[in-house]
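Student: This note's numbering applies: residue 30 is where the sequence shown begins, and numbers increase by one.
Backbone N, C-alpha and C fix where the C-beta goes; we use that ideal spot for every residue, glycine too.
Got a structure for you, written out below as structure tokens; questions coming shortly.
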Amino acid sequence: MTEKSEPKRRAVRSICPRCGAEPGQPCLGKRGQSRTSYHKERLEQTAEADRVAELMNNLDIPEIDGFVVYGIHNPDTETFVYIGQTGRFRKRVRDHLRSGLKPHRFPPVKKWLYETLGSDRVPVFEVLQHCTSEQASLDAETALIRKLTAEGVVLLNNWKIHRE
Numbered sequence: 030m031t032e033k034s035e036p037k038r039r040a041v042r043s044i045c046p047r048c049g050a051e052p053g054q055p056c057l058g059k060r061g062q063s064r065t066s067y068h069k070e071r072l073e074q075t076a077e078a079d080r081v082a083e084l085m086n087n088l089d090i091p092e093i094d095g096f097v098v099y100g101i102h103n104p105d106t107e108t109f110v111y112i113g114q115t116g117r118f119r120k121r122v123r124d125h126l127r128s129g130l131k132p133h134r135f136p137p138v139k140k141w142l143y144e145t146l147g148s149d150r151v152p153v154f155e156v157l158q159h160c161t162s163e164q165a166s167l168d169a170e171t172a173l174i175r176k177l178t179a180e181g182v183v184l185l186n187n188w189k190i191h192r193e
């Protein structure tokens with residue numbers, strides 16, 4: 030009688046998007062038992078997480094408490110390509126970088142990030158204004174977008190209010 034072997038454990042640092050297995054734990058099968066392999070989505074996510082972590086370390090993005098309005102610069106022209114607002118700046122930058130590692134046709138900022146990162150260029154993220162509330166950051170974001178578009182800056186923001 031042969032003993033069931035333990036599944037091979039690899040250093041996986043992400044939660045599996047398919048089965049919800051925690052970091053360091055094997056993926057789970059349909060009946061909740063450990064699998065001998067990891068789901069493809071999780072392995073891809075891990076490689077992606079490594080690249081995002083490398084980019085975050087190189088960018089040296091600060092941990093900021095509170096709401097901010099931020100801009101993304103084109104590293105070649107040093108002009109803004111996107112204006113945004115968030116209550117968690119570091120997480121938002123990480124989300125932008127993660128989305129930029131996959132091909133996109135829409136929204137335009139994701140497509141631009143994919144093309145930029147794909148050509149070994151790294152966008153510049155800059156905090157433009159600290160705000161006291163989410164509403165204040167939304168108002169400041171909208172005002173800045175209107176100001177820049179009035180000056181002729183072409184932004185990749187795709188809300189109707191941003192194009193007016």
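Beta-carbon separation of residue 99 and residue 185 under 8 Å?
Tutor: Within the sequence shown, the letter at position 70 stands for residue 99. Within the sequence shown, the letter at position 156 stands for residue 185. The answer is no: Cβ separation not under 8 Å.
Student: Where residue 151 and residue 109 are concerned, what is the direct C-alpha to C-alpha distance, given to the nearest angstrom?
Tutor: Mapped onto the sequence shown, residue 151 falls at position 122. Mapped onto the sequence shown, residue 109 falls at position 80. Approximately 14 Å between the Cα atoms of the pair.
Student: Hey, would you say residue 153 sits closer than 8 Å to residue 91, going by beta carbons?
Tutor: Mapped onto the sequence shown, residue 153 falls at position 124. Mapped onto the sequence shown, residue 91 falls at position 62. Between residue 153 and residue 91, the C-beta spacing is not below 8 Å.
Student: In the DSSP assignment, what residue or residues form a beta bridge with residue 159?
Tutor: As a working note, residue 159 is residue 130 in the sequence shown. Partner(s): 97.
Student: Rounded to whole angstroms, what's the CA-CA distance from residue 66 to residue 164? Just pull it up for me.
Tutor: Stepping through the sequence shown from its first residue, residue 66 is reached at position 37. Stepping through the sequence shown from its first residue, residue 164 is reached at position 135. Their backbone Cα atoms lie some 46 Å apart in a straight line.
Student: Have a look at residue 81 and residue 155 and give me their C-alpha separation to the nearest angstrom.
Tutor: Your numbering for residue 81 matches position 52 in the sequence shown. Your numbering for residue 155 matches position 126 in the sequence shown. Going from the Cα of residue 81 to the Cα of residue 155 covers about 18 Å.
Student: Under 7 Å Cβ to Cβ from residue 133, same chain only, skipping five residues before and after it: list those, please.
Tutor: As a position in the sequence shown, residue 133 is number 104, starting the count at 1. Taken in chain order, the residues that qualify are 139, 140 and 143.
Student: Under 8 Å Cβ to Cβ from residue 36, same chain only, skipping five residues before and after it: list those, please.
Tutor: Along the sequence shown, read from residue 1 onward, the residue named residue 36 stands at position 7. Confidence in residue 36 is poor, its pLDDT being 42 and thus under 50, which makes the residue's placement too unreliable to answer from.
Student: For a test of the three-state rule: what should DSSP assign to residue 33, helix, strand or coil?
Tutor: By one-based count along the sequence shown, residue 33 stands at place 4. Confidence in residue 33 is poor, its pLDDT being 46 and thus under 50, which makes the residue's placement too unreliable to answer from.
Student: Look at the Cβ atom of residue 121, then the Cβ atom of residue 129, and state whether they are nearer than 8 Å.
Tutor: Position 92 of the sequence shown, counted from the start, is the residue given in the question as residue 121. Position 100 of the sequence shown, counted from the start, is the residue given in the question as residue 129. No, they are not a contact pair.
Student: Look at the alpha carbon of residue 50 and the alpha carbon of residue 60, and state the distance between them as a whole number of angstroms.
Tutor: Here the question's residue 50 lines up with position 21 in the sequence shown. Here the question's residue 60 lines up with position 31 in the sequence shown. Straight-line Cα distance between these residues: approximately 13 Å.
Student: For residue 111, which of helix, strand or coil comes out of DSSP?
Tutor: Here residue 111 is taken as the residue at index 82 of the sequence shown, counted from 1. Residue 111 falls in the strand class under three-state DSSP.
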